[in-house]
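Asker: Please find one structure pasted underneath; my questions will follow.
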Amino acid sequence: MSQQPKPSATLLSALQSADKNKLRKTKTKELSNEEQKIAAPKYKPDHKKAPKTILIIDFQTNWYRQFKDAALADGTPLIIEQTLWTYIDIESSSNSNEKLIVDVQPNSTPIPFTSQSKARQISPDFVLIRNFPTDIHGNDFKNLLFGFMFSGVPSMNNWNAIFYGMHRPLVHAALCQLSCDLPLVPMTYHPNFTARTDALLSDKGNVPYPKVIKVASTHSGYGKIRVRDKDEMDDVRSILILSKDFYTTETLVENIDFEFRIQKLGTAYRGFKRISSSSWKNNWGTIQHVDYALEEKHKQWIDAASSIFGGLDICALDVLKLKDGKEVILELNGTACGLMADHEAEDATIIRDTLIEKMSAIYCK
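Position one of the sequence shown corresponds to residue 380 (my numbering), numbered consecutively onward.
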């Protein structure tokens, strides 16, 4: 659950002071310091023009701040509506006069001084998705996603990329079909319909032990277990068969030096290590992030990966660096990929500017 930021000690001291001038100066100083973290938008709004509305589904970044005083290339002002999947309902139509209506309920912990504190109905002109429409607790908002896709209202990433990106095996399959030779971790897919589901592939197609079992398309280290031999697999399979979720198997890579991420936002690249001192999963437990210099081949990998499903404006590859110097790609993350905390404001600004250029290409003609 998100928490509102606490006022600084300097501001609290000023609040307790009878010197109103001191309070006024302190508040102004804190506001300016906070705003300096976000680069000003490229285009200025022309308030004589009718505004366009951007719906953003995200629980982490304050996009109201990011888009403050932002506009499209022709000066069209922008209205930001930010919320979560759980607070919306939609209806969409094939009639171009009314493509999409989104009903947004108040957020239980609204960002202060924003529209999140009240109910509203909007007709967005563009949608930015930064949270998947499914989660580890079984909440599934795919019907809402289908409504957005039906409406034809543009989005980032594009709707096909978001839909396919929800299904890890489909992403892996798309990467395997690229003409370039990406060093992908070997994977097998199992629908989990019957007890035979793990006994059909021969040694030619199967992943040898030890291996990692991943259930469905969960993220952040959930739904993942190591299996070292057939006896352990029999135990795991006896549990898997109780559910309806598919699972995949991957080679267990153990001679890991560290894991790093190749991130691409628009045309901007960033690399950073992800080190866990408490778990073999590397993205679980006590995690440290450190900037990592990307090689040219890494940029070529992410350029190729970002071409699938009609193109991904927001994506990141998770890569294992082995002790022998080899590198293995674990997975591709799409529209909901997390940002490194030290660069979050800068990277969110890159997403903002990329969105504005894409939206301008559509509406500024």
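Even for Gly, the Cβ is constructed at its ideal location relative to N, Cα and C.
(1) Could you check what DSSP says for R731 in three-state terms: helix, strand or coil?
(2) Cβ atoms of D726 and L644: under 7 Å apart, would you say?
(3) Could you spell out where the beta strand (DSSP E) holding F639 opens and where it closes?
(4) In or out: G544 buried (at least 16 other Cβ within 10 Å) or exposed?
(5) Whose CA, out of E477, I467, A724, P430, lies closest to the CA of G454?
(6) By Cβ distance, which residues of its chain are closer than 6 Å to S739, with the 5 residues on each side in sequence left out?
(7) Can you grab the Cα-Cα spacing for the pair Q445 / T728, in whole Å?
(8) In the DSSP assignment, the beta strand (DSSP E) including A684 goes from what residue to what residue?
(9) Determine the closest residue to S487 out of T465, S471, E460, with distance taken between C-alpha atoms.
(10) Can you tell which of I458, T627, V707, L463 has the C-alpha that lies nearest to the C-alpha of N518?
(11) In angstroms, rounded to a whole number, what distance separates the CA positions of F639 and N712?
(12) Quick one: Cα of W663 to Cα of G602, how far?
(13) Any idea what DSSP makes of Y671, helix, strand or coil?
(14) Under a Cβ-count criterion, where at least 16 other Cβ atoms within 10 Å of its own Cβ denotes burial, should H677 be classed as buried or exposed?
(15) With H, G and I counted as helix, E and B as strand and the rest as coil, what does DSSP make of I741?
Answerer: Quick look at the numbers:
(1) helix
(2) yes
(3) 635 to 644
(4) buried
(5) P430
(6) L451, A452
(7) 7 Å
(8) No beta strand (DSSP E) holds A684; the alpha helix (DSSP H) holding it covers 675 to 684.
(9) T465
(10) L463
(11) 13 Å
(12) Note that W663 scores 49 on pLDDT, short of 50, meaning its location in the model is unreliable; the coordinates nonetheless yield the value given after this. Looking at the two C-alpha atoms, the distance is approximately 12 Å.
(13) coil
(14) buried
(15) helix
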